[in-house]
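Read the structure below first, then the notes.
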DNA sequence: GTAAAGTAGTTTATATTGTAAACTAAAATA
DNA sequence: TATTTTAGTTTACAATATAAACTACTTTAC
């Protein structure tokens, strides 16, 4: 009846991030922070969880002397998102 | 961009319960336990949270000498579910 | 040149939440 | 009358989430 929901994606901030990355493919820390209204600390933690799971990669560089963190979704991340969305459908139908 | 998701509904077991109750209107503890594969303890806790929030009512009676717990969704519960589903759409579109 | 303010994050301490295990209480069964 | 079963509830611990504090460096202003 109800399939288990991937606990990594069943969280508001991480789901927002993945949702954004699915369409943009790549995004900077500041962009994700703005779009999600997350605090930097929370975003940092959740990005690392997504990276640990292999759903995104995190690249660190510098731009104009400042550190720059760039995130990219992986094929596993895309698949996980698709599976999550599909599993969720059953919960939302209410039939 | 991303609306906040009702934290009471953004949890697998509670969402399953509400999803079931939206269509059945009324359901017994045992029925919910079977359909959701939850442990009795977990279900008991989560039902009480939904009741505290006014999303369901819990009626206690007896059937064949055994205690019987029956749950029913409230108008607030239905509204909350509808709002949750609508808010979630933005996360799932990935566009 | 150095003090203060700003950028871009990370770490950590605490609060919140989730859940399995232990428990209650009564009924059925052997 | 002891044991098992039904139908849950309570509680203690584990996992999760997040705000606040911190790191490390840069820019700006005096």
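Chains as they are written, first to last, in the numbering used here: chain A, 1 to 95; chain B, 101 to 195.
Just so you know, even glycine gets a beta-carbon here, dropped at the ideal spot from N, CA and C.
By the 16-neighbour rule on beta-carbons within 10 angstroms, residue 162 (chain B) is exposed. The beta-carbon separation of residue 184 (chain B) and residue 105 (chain B), rounded to 6 Å, stays under the 8 Å limit for a contact. In the three-state reduction of the DSSP assignment, residue 43 (chain A) falls in the helix class. Close to chain B, meaning a Cβ-Cβ distance shorter than 7 Å, are the following residues of the region 13-38 of chain A: 15, 16, 19, 22, 23, 35, 36. Interface criterion not met: the Cβ of residue 55 (chain A) is under 7 Å from no Cβ in chain B. Comparing C-alpha distances from residue 117 (chain B) to each of B:103, B:101, B:144 shows the shortest one belongs to B:144. Within the region 132-183 of chain B, the alpha helix (DSSP H) runs of at least 4 residues that lie entirely inside it are, in chain order, 140-152. By the Cβ test, the region 28-36 of chain A is not in contact with the region 86-94 of chain A, since fewer than three Cβ pairs between them sit closer than 8 Å. DSSP places residue 12 (chain A) inside the alpha helix (DSSP H), whose first and last residues are 12-24. Taking each of B:167, B:137, B:108 in turn and checking the Cα distance to residue 146 (chain B), the smallest one comes out for B:108. Contact with chain B is found for residue 5 (chain A), since one of that chain's Cβ atoms lies less than 7 Å from the residue's Cβ. Rounded to whole angstroms, the separation of the alpha carbons of residue 67 (chain A) and residue 137 (chain B) is 47 Å. Against chain B, a Cβ distance below 7 Å from residue 47 (chain A) picks out nothing, because the smallest value is about 16 Å. In this structure, the CA atom of residue 189 (chain B) is about 19 Å from the CA atom of residue 177 (chain B).
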